[in-house]
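When you line the sequence shown up against my numbering, it's residues 4 to 198, in that order. All C-beta atoms, glycine included, are put in the ideal place defined by N, C-alpha and C.
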Amino acid sequence: MDGNASFIPKTNLTGSFDSENKKSSKIGLLSLLSIIIFIISIVLAGGVFLLGQYKTKTIQDKVASLERAKGSFEPALIEKLSKLDVRINSAKKVLSNHISASVFLKLLEKITLKTVRFSEFEFTKREDGSFNVVMRGEADSYSSVALQSDMFGENKFIQEPIFSDFRLNSNGNVLFNFSAIIDRSLVLYENNIEK
């Protein structure tokens with residue numbers, strides 16, 4: 004035998020175990036990572052489920068609260084107030100279209116000369132909302148008619164005043180016809196409420 008024989012191995016015996024350890028540690032690390040991801044996904048799924056339950060409960064609570072608030076109002080009172088609102092709006096519409104011819108008559112009284120008298124009066128609505136007025140009149144003289152024409156011409160509510168068909172009566176007074184367009188804003192009732 005050889006005198007240098009030794010029972011201690013010259014090669015590293017752990018080398019073969021080392022590669023097996025590395026393989027098993029890689030498998031262990033991969034398993035650990037997949038278990039962690041699985042646990043996180045279960046926790047997140049549970050969180051989403053609980054959040055959904057919370058939202059559903061919150062919505063149900065708010066619906067119940069809304070129903071209680073709705074019940075606290077008196078439906079009969081709301082119905083009455085709605086009908087009253089419709090009636091008020093209808094009345095406003097009627098008033099906004101209501102005509103008060105008396106306002107024109109007051110204006111006519113105010114700007115008619117003492118030497119001029121009107122005997123016939125016709126007041127009709129035009130398609131554009133303004134009004135036609137046609138009257139027959141009598142004046143003491145032609146100068147009174149001319150002066151009355153100037154008075155009507157200066158008024159912003161009397162548009163296109165026309166004096167026509169002049170003739171003398173048996174007393175020497177001037178008979179005439181008069182026509183004009185009256186501005187709608189003068190005779191609208193709602194414009195004259197405060198007056």
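- When secondary structure is reduced to three states using DSSP, residue 180 falls in the strand class.
- The C-alpha of residue 175 is placed about 56 Å away from the C-alpha of residue 91.
- The alpha-carbon of residue 104 is positioned some 6 Å away from that of residue 190.
- Beta bridge pairing from DSSP links residue 102 with 191.
- Under the Cβ criterion (8 Å, minimum of three pairs), the segment 141 to 150 does not count as touching the segment 94 to 114.
- For residue 122, the enclosing beta strand (DSSP E) begins and ends at 119 to 128.
- Contact check for residue 142 against residue 118 passes: the beta carbons are separated by less than 8 Å.
- In this structure residue 185 is not in contact with residue 122, their Cβ atoms being roughly 19 Å apart against a cut-off of 8 Å.
- Leaving aside the five residues that flank residue 170 on each side, the residues in its chain whose CB is nearer than 7 Å to its CB run, in chain order, 178.
- Check the Cα spacing between residue 131 and each of 158, 188, 51: the tightest is with 188.
- Checking the DSSP bridge columns, you'll see residue 136 partnered with 126, 183.
- Under the 10 Å beta carbon count, residue 183 is surrounded by 16 or more other beta carbons and is classified as buried.
- Under the DSSP assignment, residue 155 falls in the alpha helix (DSSP H) whose first and last residues are 145 to 157.
- When the five nearest sequence neighbours on each side are left out, the beta carbons in the same chain lying within less than 7 Å of the beta carbon of residue 168 are those of 179, 180, in order along the chain.
- Residue 155 is classed as buried because its beta carbon has at least 16 other beta carbons within 10 Å across all chains shown.
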